[in-house]
Amino acid sequence: MKQIVLPLLVLSLALAACNGDYLAKPRGYFRIDLPQKGYQRFEQPGFPFTFEYPVYGTIVRDTSFFGERTENPYWLNIDFPDYRGRIHLSYKLIGPNRFDSLVQDAYELSYKQHTYRASAIDHKPFTTPNGIEGVYVTLRGNTATGNQFFLTDSVRHFLRGALYFETTPNEDSLRPVAEFFRRDMEHLINTLRWTR
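Whatever position you read off the sequence shown (first residue = 1), add 5 for this note's numbering.
Encoded structure:
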């Protein structure tokens, strides 16, 4: 009898101890160590623009646009391989392209591709310290890109940029890294100059 009662008593005490309130732990994300800010100048002969970009980024010439050749040789990517991020820069010459069509295309890229995922889309016009005008687009929610811009002199030059990450969009987990690279995009914008 003792052999049956003692195990049952231990089992009932163990089950009674498990009835405490359960408190779920919040979901966490990996810590991401971000590099020290530093910038270098992009200044290539023949390019219609110059700017400063992060020392932890690598400039790569973009030679294809959805399998087709780019419109001109001035399309660039700034790659951040350690963070699986990239700033796409596409340059178009006004003249062969109508200015209003370029602006409309930039807005459509913001809306058409992201409206169903974005919880908000904000457009902020600005003028850089170098007198260049543009619009900065911030997309909230789980979008493929949360930061886009275009810069123009409305006569000759039109440059569009967008920050992308090679990962499934998750605004909460990407926020620290996206915010870090957003400041780099703003530095690029504020240091951009047309060279011709």
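The C-beta atom is built at its ideal place from N, Cα and C for all residues, glycine as well.
None of the values given here were measured: they were computed from a predicted structure.
List the residues that DSSP assigns as beta-bridge partners of PHE170.
-> Beta-bridge pairing links PHE170 to GLY90.
DSSP beta-bridge partners for GLY139?
-> DSSP, once it has assigned bridges, lists PHE131 and LEU156 as partnering GLY139.
Environment of ASN135 [buried if 16+ CB atoms lie within 10 Å] | In the assembly as shown, ASN135 is an exposed residue. Its beta-carbon has fewer than 16 other beta-carbons within 10 Å.
If VAL60 and TYR79 are in contact, beta carbons under 8 Å, what's the gap, nearest whole angstrom?
-> Taking the Cβ atoms as the reference, VAL60 lies roughly 22 Å from TYR79, outside the contact range of under 8 Å.
Using the C-alpha atoms, what's the distance from THR75 back to SER106?
-> For SER106 and THR75, the distance between alpha carbons rounds to 18 Å.
Simplified DSSP assignment, three categories, for TYR112 = Note: TYR112 maps to helix in three-state DSSP.
Determine the contact status of LEU98 and LEU164, defining contact as a CB-CB distance below 8 Å.
-> Their beta carbons are not under 8 Å apart, which means LEU98 does not touch LEU164 by this criterion.
When the distance is taken between beta carbons, is ASP87 closer than 8 Å to THR63?
-> No, they are not a contact pair.
Start and end residues, beta strand (DSSP E) containing GLU76 | That residue, GLU76, is in no beta strand (DSSP E); it is neither H nor E in DSSP.
Taking 8 Å as the cut-off, decide whether the C-beta atoms of PHE5 and LEU197 are in contact.
-> In the structure as shown, the chain starts at 6 and stops at 201, and residue 5 therefore has no counterpart that could be examined.
Where do the N-terminal and C-terminal ends of the beta strand (DSSP E) with GLN45 fall, by residue?
-> Its beta strand (DSSP E) spans residues 44 to 47.
Report all residues from its chain with a CB closer than 6 Å to the CB of ARG91; omit the five preceding and five following residues, and keep chain order.
-> So the list reads ASN82, ASP84 and TYR169, once near-sequence residues are dropped.
So is GLY151 buried or exposed if we call it buried at 16+ other beta carbons inside 10 Å?
-> Label assigned to GLY151: buried.
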